[in-house]
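Asker: I'd like to ask you about the structure that follows.
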């Protein structure tokens, strides 16, 4: 894998990172292109470089993430902002005029008090953060919006991703609206409906003969070879990943500027869980919420549960697996942020748990029947893990608890289509109805 | 059809309307159950009766709608409200504590400035009101939320509807969250995915051997025979229909408390168009926006265009048709509010136009490719009509224009699944990619 884009961007090339000249972007950044972000810092060795389309540390190849110098930020400033993720723009690597650039305006989705589901599970106070109502119906709109901002500021020619579903939808849609060329790579055996849901936005859907890992490798290769391509989850990943922080900000604001006591989050790469935790920590540091303990729980499907396996074994290393689960949007066998998920869940007194595909299906119906939310398999996984955590006593049912729903059921209809259907089929008469036994 | 529920509700039975005793509801309403609503008034003869689960005038069988005595309402009061339709609760037939009842919390969806679509069509300033991001992905969540409030206040036992899609989804989901029994009636030949999308929420999906008209007739019969059933679009229709006003309120607020110059709205029963107009008039009367002229345009699919046909013929009567179009959510052959749509479009200097199924498909792609919004066939119809209105000179491209998208494309994938797909299928190598001709 070529790491091609390690020259400094916002300032002179950093002396400690090798300069590259094969990427056109990063040489003519405007003032304030990344708001209060100050650089990219390695999560492993702490080495810092200038902001640019880079994702791996030039010293140790560890993952880079955004460093900031936050000004004072008040609740009032945030509350006066737009009803989407840009209300938190001061805390994101985006310019102050981000609202002026055509974008999907995602976020500020519902935080619903889940009275029925709480009662069904025996949890006193439960909320569902419902990201299925984002523009392309998953949380991916948040991260893609931040990646798009970076791509625009880097003057990228092409906005791209490897994906099997939600991410492809979000990238293709956001690129269409922004008027930037998109190229989306998918495994060629992807179900037709999922292909349509991306191809409707772009004429550059590329089907690749191989599995998701093959597609991902090809994307990294193209990112290394081609000039001016912004692969959202490859070379602009540090900017992209910051978008997940907005889930944490919103939950705290919607709870009345306080942190929940417990939160259950699905784990694919693990990025979302680590970023929600980061968001909570930032809110504490900025004095926007009271400092208090909270427990973070990770949810996986048993058919792809490398983090849960490591958690239960009490080890720090994640052993990669070959995914075999219906929860395809969580099916990352070698999760990049898995070790950080372990750290956070252990440190906060949470846990990582996994559930079978059968339990995933039950989780989907449990949420639909109790709260009127039709989630995809990832959300079914998270709700089923919530139930399992209660049953095993790992979750304290007297504490305020939030569960995140990251996507919507119309994208994974097959998961439940054999489980639900008409209660009766009748002739169109009142007599037939009263005789049907339905009521 | 039995009109069973004509006794007075909030006060003593109205002397001019026959009392009935076959409906358990309406006898023990709490104070303020319907907010500032004062009664039900016939749109044809002006006869007024007390609030109750009634939909037809006891004098002339004309449609009943809600009458109000509005207090002073300020922009500041509204802006301080929740980020959903309940910010307008003072203007709806709902109690002041409506937020406390578990409901879907729909509305306050995005109003997106459509830079690209505007440029493509030659319209200087165009916005898309995107109701596809509602909880069950259509505007029906708005009307169902108002119907649910009425059903709860009437102590209804069952929350029900006849439907072929969006309405069934919205009713089943809202009922699940509210903890009220739902029964949803659909034609038995409805596509399996649409059945799943309702059955996931309710175990009382009833398939009826017949077309939508047959299902609708059965629903009216049950509404007349059974006690305590709230059929959202039958006996609580006056309350239900008011929910569409929130589309108009939101558009005005999101434009900065001003009315658009032109608005294009899909026409099925015609209720939505008449209610958006009513909302605009209420905002003017309340002094919340400046009084100014605006043009209202109606959009139909040619395969079910009885209102457009009447408009073009210059007549007042709507001749019912047998629908034959892919825009199934607009396929009402005998639209109840068709004559009011004609009135409004003519009086405001607008028009009613229709487009072919081929143009509907083009409309879907036009919106997706330009703005990253994947709409269903109803939205494709509306966008295609917008284009046709520009091409025919009926729409003034220099005036501020809003187009409403009422639903989302995942529910009608078949409409475009033969039109879009992969640009290339390649082996997973960089050489294969560069040779593919995609870039």
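Residue numbers (full-length UniProt numbering), protein chains in the order written: chain F, 1 to 439; chain H, 1 to 439.
Ideal Cβ placement from N, Cα and C applies to all residues, glycine included.
#1: Jot down the residue ranges of each uninterrupted alpha helix (DSSP H) in the segment 335–392 of chain F, minimum 4 residues, whole runs only, in chain order.
#2: Residue ranges of each alpha helix (DSSP H) run of no fewer than 4 residues wholly in the segment 286–335 of chain H, ordered along the chain?
#3: Going by C-alpha distance, which of H/156, H/65, H/340 and H/190 is nearest residue 520 of chain H?
#4: Return the residues of the segment 420–434 of chain F that lie within a Cβ-Cβ distance of less than 8 Å from chain H, sorted by chain order.
#5: Take every Cβ of the segment 162–170 of chain H, pair it with every Cβ of the segment 127–146 of chain H, and state whether three or more of those distances are shorter than 8 Å.
#6: Would you mind giving the Cβ-Cβ distance between residue 383 of chain F and residue 367 of chain F, rounded to the nearest angstrom? I have them listed as a contact below 8 Å.
#7: Would you report the Cα separation of residue 202 of chain H and residue 185 of chain H, rounded to the nearest angstrom?
#8: Does the distance from the C-beta atom of residue 338 of chain H to that of residue 270 of chain H stay below 7 Å?
#9: Using a Cβ-Cβ distance cut-off of 7 Å, determine whether residue 133 of chain H contacts chain F.
#10: Starting from the C-beta of residue 175 of chain H, find all residues in its chain whose C-beta is less than 6 Å away, skip the five residues before and the five after it, and write them out in chain order.
#11: I'd like to confirm the pairing. Which residues does DSSP put opposite residue 405 of chain F in its beta bridges?
#12: Can you check the segment 40–98 of chain F for any alpha helix (DSSP H) of at least 4 residues that lies completely inside it and give the ranges in chain order?
#13: In its own chain, which residues sit with a C-beta less than 7 Å from the C-beta of residue 113 of chain H, not counting the 5 before and 5 after it?
#14: State yes or no: is the C-beta of residue 310 of chain F within less than 7 Å of the C-beta of residue 288 of chain F?
#15: At a Cβ cut of 9 Å, what residues of the segment 335–361 of chain H count as close to chain F, listed as they run along the chain?
#16: If you pair each beta-carbon of the segment 246–253 of chain H with each one of the segment 273–285 of chain H, do three or more pairs fall below 8 Å?
#17: Can you grab the Cα-Cα spacing for the pair residue 204 of chain F / residue 124 of chain H, in whole Å?
#18: How should residue 354 of chain F be labelled, buried or exposed, when 16 other C-beta atoms within 10 angstroms of its C-beta is the threshold for buried?
#19: Mind reading off the beta-carbon distance from residue 162 of chain H to residue 215 of chain H? Whole number of angstroms is fine, and I expect it under 8 Å.
#20: How would you label residue 96 of chain H, buried or exposed, when you count the other beta carbons within 10 angstroms and need 16 or more for buried?
#21: Does the structure place the segment 387–402 of chain H close enough to the segment 312–331 of chain H that three or more beta carbon pairs sit under 8 Å?
#22: Using 7 Å as the threshold, is the C-beta distance between residue 361 of chain H and residue 420 of chain H below it?
#23: Can you tell me which of F/434, F/145, F/431 and F/412 puts its alpha carbon nearest to the alpha carbon of residue 193 of chain F?
#24: Leaving out five residues before and five after residue 148 of chain F in sequence, what residues of the same chain have Cβ atoms less than 7 Å from its Cβ?
#25: Between the C-alpha atoms of residue 369 of chain H and residue 92 of chain F, what's the straight-line distance to the nearest angstrom?
#26: Could one say the Cβ of residue 166 of chain F lies closer than 7 Å to chain H's Cβ atoms, at least one of them?
#27: Where does residue 263 of chain H sit, in a helix, a strand or coil, going by DSSP?
#28: Using the beta-carbon count (16 or more within 10 Å), is residue 260 of chain H buried or exposed?
#29: When you compare only the Cα positions, how much space is there between residue 37 of chain F and residue 33 of chain H?
#30: At which residues does the beta strand (DSSP E) containing residue 187 of chain H begin and terminate?
#31: Closer than 8 Å, Cβ to any Cβ of chain H: which residues of the segment 146–165 of chain F, in chain order?
#32: Are any of the Cβ atoms in chain H nearer than 7 Å to that of residue 110 of chain F?
#33: Is the number of C-beta pairs between the segment 290–303 of chain F and the segment 423–433 of chain F that are closer than 8 Å three or more?
#34: Against residue 176 of chain H, what residues of chain F qualify as contacts under a CB-to-CB distance less than 9 Å, listed in chain order?
#35: Determine the direct distance from the alpha carbon of residue 430 of chain F to that of residue 403 of chain F, and round the result to whole angstroms.
#36: Can you list the residues of chain H that residue 173 of chain F reaches, using a CB-CB cut of under 9 Å?
Answerer: Short version:
#1: 338–347, 357–371 and 377–391
#2: 306–313
#3: The displayed coordinates of chain H run from 1 to 439. Any statement about residue 520 of chain H would go beyond what the structure contains.
#4: 420, 421, 422, 423, 424, 425, 426, 427, 428, 429, 430 and 433
#5: At 8 Å Cβ cutoff, the stretches touch.
#6: 5 Å
#7: 11 Å
#8: yes
#9: yes
#10: 159 and 182
#11: F/130
#12: 75–79
#13: 127
#14: No, the Cβ-Cβ distance between residue 310 of chain F and residue 288 of chain F is not below 7 Å.
#15: none
#16: yes
#17: 29 Å
#18: buried
#19: 4 Å
#20: exposed
#21: no
#22: No.
#23: F/412
#24: 103, 159, 174 and 178
#25: 28 Å
#26: no
#27: strand
#28: In the assembly as shown, residue 260 of chain H is a buried residue. Its beta-carbon has 16 or more other beta-carbons within 10 Å.
#29: Rounded to whole angstroms, the separation of the alpha carbons of residue 33 of chain H and residue 37 of chain F is 51 Å.
#30: That run of the beta strand (DSSP E) goes 181–187.
#31: 158
#32: yes
#33: no
#34: 116, 368, 369, 370, 371, 372 and 373
#35: 43 Å
#36: Under the 9 Å cutoff, chain H gives 368, 371, 372, 373 and 374.
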